[in-house]
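If you read the sequences in order, they're chains A and B. Using this note's numbering, the letters of the first sequence correspond one by one to residues 811 to 1091. Using this note's numbering, the letters of the second sequence correspond one by one to residues 19 to 724. Where is the CB? At the ideal position from N, CA and C, for every residue including glycine. Taking it in order: structure first as structure tokens, then the write-up.
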Amino acid sequence: MRVGVGLPNGIPGTEATALLEWARRAERGPFTSVGVVDRIAYDCHEPMAALSAAAAVTERVSLVTMVVIGPLRNTAVLAKEAAFIDALSGGRLVLGLSVGAREADYEAAGVAPRERGRTLDRQLAELRDRWEEGPGSRPARDGGPVLLVGGTSDRAFGRMARYADGYVHGGGPPRAFARAAERARTAWADAGRPGRPPLWGQSYFALGDDALDAGRAYMRDYYAFTGPFAERIAEGLLTTPQQVAAQLRGYAEAGCDELVLLPAVSDPEQVDRLADVVSGL
Amino acid sequence: MKPIRVVVLGGGPAGLYASLLLKRVSPKADVTVLERNPAGATYGWGVVFSDRTLTEFREADQPTYEAITDRFVLWDAIDIHYRDELIRSGGHVFAGIARVALLGILARRAEELGVELRFETEVEDVAGLDADLVVGADGVNSLVRGAHEDVFRPRLTSGRSRYVWYGTDRVLDSFTFIFRENDHGLFQVHAYPFDGTRSTWVVECDEETWRRAGLDAAGEEESIAYCEKLFADDLRGHSLFSNRSQWINFVTVRSRTWRHGNVVLLGDAAHTAHFSIGSGTKLAMEDAISLARGFERHGDDLPAALADYELERKPVVERFQEAADESRSWFERTRRYVHLEPMRFAFYLFTRSGRIDYDNLRLRDPAYVDRVDRWFAGRDVAPPPIHTPLRLRDLVLRNRVAARPGGEEDGGNGFPGPSLEDGVSRAADGGAALVLTGPVAVSAEGRITPASPGLYRAEHPAAWRDIVERAHASGAAVAVPLGHAGRRGSTRPRGHGIDRPLPRDNWPLVGPSALPYTERSQPPRKMERRDMDAVVRDFAEAAGRALDAGVDLLLVHMAHGYLLASFLSPLTNLRLDRYGGRLLENRMRFPLEVFEAVRAAWPDTRPLGAVVQASDWAPGGLELDDAVAVARALAERGCDLVMPLAGQAVPGDRPRFGRAYLAPAADRLRNEAGVPTLCGGAIATTGLANTLVAGARADLCVLDPD
């Protein structure tokens, strides 16, 4: 299983320039990707712009959105942004898309959430056409950036199998990932897609005693919309090397191809701590 | 701080247990139980707990646990009486206790801890109750739930069967299911002991049987007399007793949430689960434990405690309700299974809810599962069911496992590509009895993509023959579904998605109506009679080539929105002639013609099957009832095997990818249309495959290991 690391673009108060430092350190580490998250109604740096910047300071790592909320964006604009990042990075963009989970983001973007599933269906079909036909930057690869779809409803799995190149999971313990993985493989086979779907996972980390409280507080705040569930999510934060090791093992056993560890605190020192843990395994 | 005031509505097991556990956690709290009935009044007879629930009782409150275990009866067998045979499986530990004894224990313990119990107290105004916490433990018709219906949003669904809750002085030593048929229909009994002298005796039957028996018009005593006569052999001279027992339909309650402000629902007020899988009392008392635990964790933080309770219990109860629904629905359709032999019938009964499979049963009672194996294989030294051979006409498959290789698409001009060749040999080497390819085109126009394999050119059989012979050398047979893509044709290879039209070199499409598959798809031409003739001919000729290639089992593909499926579905067949319209009979005319032509071209010694659309997963689309009708028509035309698939009739459907999601379809096609079934769809373990094969749901399984 490959391991990636998130950039702190979704952590309030993070300086824009800190993302560059994170990306540089990630590139030097044992990581195969850098990931970003997407919120509109939250103190969050824009993920496509952030990956564009990360592309400029890295040469090796994949640039992955975990995930961009598709229906909040104009498809023509999103297609152009993605094509540009792919061209700029030499074909390193992995575009994860889903309908998102928070109504507040739809309100903030002025988009009605009602038809979001169908909107995402249409976007997925249209993105491919635009990448092939233009106008705009020509993606580095035939077929354009790698497209992932997230979500845990049966419709999301169906959408993934119909339009995407793989599946991206929204986080949780390995057994939750394993359940989703089984459905993703089932939907893939049912659609007659060749081979197996690449499966991407994500987990949050904050290593070291000094990071623990801030990390948990961030998790509670970021997931406040889930109500009482936020506390459970905060408890799942990986705070020790042992927890990281157990999570990596659990995800690998569940069939995860690439696990992106997203930060819960924005100190760039976190990348090096995580690098030490991951290299030592 | 002033002690919190808790009012519990309902003095059943849920309310009493919750009151005493809350009082235990917060001794200073002022806890009152309000019950409409007098102390000691109870309806129903005994209740059942599993050994796991008992363990939870011990952890929650030792004295009640001891009092319950002093009084309960324990057993570990399930007996099934069916067609005068008794089939018994052990290792299922249950405890039963009289409901009235349980209530007495709980009431005494509650009073001992200082809970105030007020019986014969009617509450008029639930919303006006003065309390910090209101616990709605007031049963299936909960007033508390009713007072905030907009928040709890309960959904009540009624079961189709009628049932009545009797007691008997016939002493049982197991959980007992009895099936009896008379002129009126099929009746079933769910019975279990609850104290040393009596047992619970629930009688259930379908609505029609109930009416034919005149039980809709019968009084309490007439009903008892009827049942005593029907079950005279089983009661062995003992009597049935009524406790204001009425024939009713089981109501399943589901609520969107179980809490609202300072109000929380518990037990039947929040949820019910069909009695055939265990008692509601068990769920209710587990709720009480969880609620008290929430308070233990959060002290006086009421919202946090209630949130914790709901977070912990709701998913558990919902899973239990799903299994209970499976079980309820099994007992509602028992009539469909009475053709099964007793061993098979009983095995399906044990595994009906999905909570117990072949492997679990082996852990609980290895000797019973050995008997199942021996019966299934018809020999003394017997492997598990999926390792027994299956005969279809002259084809003998070495076991019950089919493999579906899913390699890259690297064919061209209808020739199978190297990865298909690889996949087939690897699956055959891996031990599967049958290797099942993807759809194989009957004509160049019938291909899905330019890479689709086909059997439409004179040179094709030779290319296939190598593949088939390699599989045969490894002991596997090869199954090929012949198909025509219809309006889903002329698309790109499926590396980056499906149903993406080719950018150039498209070929013309045909369909029952001129409806494109997606907004981007090329519209098909509506088929005329001569087009149909051509397709029938293509299928028959492809069957001849399949024979040349040495294919063992041929299937006609009628699913997933391809040509024949698009004739079957009312969503995609808008024709007004005799091949379309509202009647399935018309819509299946052309697919059946094709099947007949293939049957005629395919030797009688070789089996011919069909891939059948079990459901379109879309409103207004084809449903399982239609699929059963199609399978019946196919069976009459010499069909030896059906494989259900679902969805893809139209894009944007509503799929269901749960574990073994096609098994209910395979079950109905097999047991109603009487055709052997090949079942795929998220069957990841041999335990599940053995369950489906031994339980008469499938004859062959596609195993998809993780």
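Judged by DSSP secondary structure, Met661(B) falls within the beta strand (DSSP E) whose first and last residues are Leu659 to Ala664. Contact annotation for Glu992(A) against chain B: Phe675, Arg677, Ala700, Ala702, Asp722 and Asp724 [CB-CB distance below 9 Å, chain order]. At a beta-carbon threshold of 7 Å, the residues of chain A lying near Glu426(B) are Pro1004 and Gly1005, ordered along the chain. For the C-beta of Leu329(B), the chain A residues within less than 8 Å are, from N- to C-terminus, Pro1038, Phe1039 and Arg1042.
Contacts between Ala997(A) and chain B, judged by CB atoms closer than 9 Å, involve Pro673 and Phe675 in chain order.
Along the region 640-713 of chain B, the alpha helix (DSSP H) occurs as fully enclosed runs of 4 or more residues at 642-654, 681-691 and 704-712, listed in sequence order. Taking 9 Å as the cut-off, the Cβ atoms of Cys657(B) and Ala649(B) count as close. The beta carbon of Asn524(B) is closer than 8 Å to those of Ser508 and Gln540 in its chain, skipping five residues each way along the sequence. Note on His99(B): 16 or more other CB atoms within 10 angstroms of its CB, so buried under the neighbour-count rule. Looking at the DSSP output, Glu199(B) bridges to Leu204(B). In the structure shown, the three-state DSSP call for Leu121(B) is helix. For Trp525(B), no beta strand (DSSP E) encloses it, and the DSSP letter there is neither H nor E. From the listed residues Glu614(B), Leu533(B) and Val335(B), the smallest Cα separation to Val554(B) is found for Glu614(B). Separation of Ala489(B) and Val414(B) (C-alpha to C-alpha, rounded to the nearest whole angstrom) is 14 Å. The region 698-706 of chain B makes contact with the region 669-681 of chain B, as at least three CB pairs between them are under 8 Å. Trp276(B) and Val269(B) do not touch by the CB rule: their CB atoms are close to 17 Å apart, not below 8 Å. Taking a Cβ-Cβ threshold of 7 Å, none of the residues of chain B is close to Gly906(A); the smallest such distance is about 15 Å. Secondary structure of Arg543(B) (DSSP, three-state): strand. For the region 968-980 of chain A, the beta-carbon criterion of a distance under 8 Å to any beta-carbon of chain B is satisfied by Gly968, Ala971, Arg972, Tyr973, Ala974 and Asp975. Excluding the 5 residues flanking it on each side, Arg965(A) has same chain C-beta neighbours closer than 7 Å at Gly927, in chain order. Where Phe585(B) is concerned, the enclosing alpha helix (DSSP H) starts and stops at Leu581 to Leu586. Interface annotation for the region 909-932 of chain A against chain B: Gly927, Arg928, Asp931 and Arg932, criterion Cβ-Cβ distance under 9 Å. For Gln631(B), the enclosing beta strand (DSSP E) covers residues Leu626 to Ser633. Residue contact check for Gly953(A) against chain B: a CB pair falls below 9 Å. Ala1027(A) has a beta carbon lying at 9 Å or more from every beta carbon in chain B. In this structure, the straight-line span from the alpha carbon of Arg688(B) to that of Asp224(B) is close to 22 Å. In this structure, the alpha-carbon of Ser273(B) lies about 35 Å from that of Glu690(B). If you draw a 10 Å sphere on the C-beta of Lys41(B), you find 16 or more other C-beta atoms in it, and that means buried. Neighbourhood of Asp326(B) in chain A, by CB distance below 8 Å: Pro1038, in chain order. Our two residues, Pro530(B) and Gly237(B), have alpha carbons roughly 57 Å apart in a direct line. Taking C-alpha positions only, Gly456(B) is separated from Asn417(B) by approximately 21 Å. The region 135-150 of chain B makes no contact with the region 106-123 of chain B; the number of CB pairs closer than 8 Å stays below 3. Leu663(B) belongs to the set of residues whose beta carbon lies under 9 Å from a beta carbon in chain A.
Glu537(B) has a beta carbon lying within less than 9 Å of a beta carbon in chain A. The bridge partners DSSP lists for Ile879(A) are Ser908(A).
Restricting attention to Pro955(A), Leu1017(A), Met1029(A) and Pro983(A), the CA atom closest to the CA of Leu888(A) is found in Pro955(A).
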